[in-house]
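Under UniProt numbering, the first residue of the sequence shown is numbered 1, with each subsequent residue one higher.
Heads up, the beta-carbon is just placed ideally off N, CA and C, and yes, glycines get one too.
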Amino acid sequence: MSGWEVRLSNSRGVPYFYNPETRESMWEAPPGLSQEEVANLPGAKQYLPGAHGGANGERPAQVRASHLLVKHRGSRRPSSWKEPNITRSKEEAIAMLKEYAGQINGSPEKFAELASKYSDCSSHSHGGDLGFFKPGQMQKPFEDATYALKVGEISDVVETESGVHLILRTA
Ligand SMILES: O=C(O)CN(Cc1ccccc1)C(=O)c1nc(-c2ccccc2)[nH]c1C(=O)O
C-alpha cells in the first residue's frame with residue numbers, strides 16, 4: 001500500500017495527491033505508481049479525470065465545476081473585476097478562450113492558474129471554482145455543458161448570457 005490518496009483542493013476545486021503518512025502532497029500522480037495503482041487509490045474514482053457521476057448514466061444530484069469566463073460587449077453585464085467597461089466582440093472573446101485552452105492543454109492546475117488571472121467572473125479569486133451546484137441553479141447552457149463532461153474534462157467554448165466560458169468539471 002503506497003499510502004497515497006486523492007483529495008480535492010478546496011481553494012482551487014481541483015484534485016491533488018496526498019500521503020498522510022509522509023505528509024507529502026503533489027498536483028500530479030506520484031512517480032513510481034502504475035496507472036492502475038493510481039486509478040485504485042482512495043478518492044481516485046471520485047476526483048480523477050474519467051470518473052463520471054452515478055451509475056447507468058442518470059444525472060447526478062449535484063456536480064462541481066470551475067470556469068474561465070470571458071465577457072464581451074453583448075454580455076448581460078459587460079463589466080468585471082478586471083475591466084469596468086468591456087467592449088470586445090464575442091468573436092474576440094472566443095479567440096481569447098481558444099488561446100487559453102491551448103495553454104491549459106487539459107491540466108486542471110493550469111486551468112485554475114489561468115482562471116485566476118483572466119476570468120471575468122468573481123470566481124477568479126478561487127481559481128474559477130464555483131463549488132457544487134444542482135440542476136436548475138445555473139444558466140441552462142452552462143448546466144448542460146457541465147453535466148456532459150466527465151470529471152476532470154474541460155469543455156469547448158460554451159456561450160451563456162454572461163459571456164463565453166471554458167468549463168472544467170471537478171466532481
Ligand atoms: O449575467 C449577469 O447579469 C451578471 N452576472 C451574473 C453574476 C454576477 C455576479 C456573480 C454571479 C453571477 C455575470 O455577469 C456573471 N455570470 C457569472 C457566471 C455565469 C455562469 C456560471 C457561473 C458564473 N459570473 C458573473 C460575474 O460577473 O462574476
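Check                                                                                                                                                                                     : Outcome
Determine the direct distance from the alpha carbon of V157 to that of K98, and round the result to whole angstroms.                                                                      : 8 Å
Please specify which runs of the beta strand (DSSP E), each continuous and at least 3 residues long, are wholly inside the UniProt domain "PpiC" (60 to 171), giving them in chain order. : 63 to 70, 129 to 133, 158 to 160, 163 to 169
Consult DSSP for E5 and reduce its assignment to one of helix, strand or coil.                                                                                                            : strand
Cα-Cα, which of E5, A148, K45 is closest to L33?                                                                                                                                          : E5
Would you kindly check if the distance between the Cβ of L130 and the Cβ of H67 is under 9 Å?                                                                                             : yes
For ligand 1, is there any heavy atom lying closer than 8 Å to the beta carbon of H72?                                                                                                    : no
Starting from E24, follow the beta strand (DSSP E) in both directions and report where the run begins and ends.                                                                           : 24 to 26
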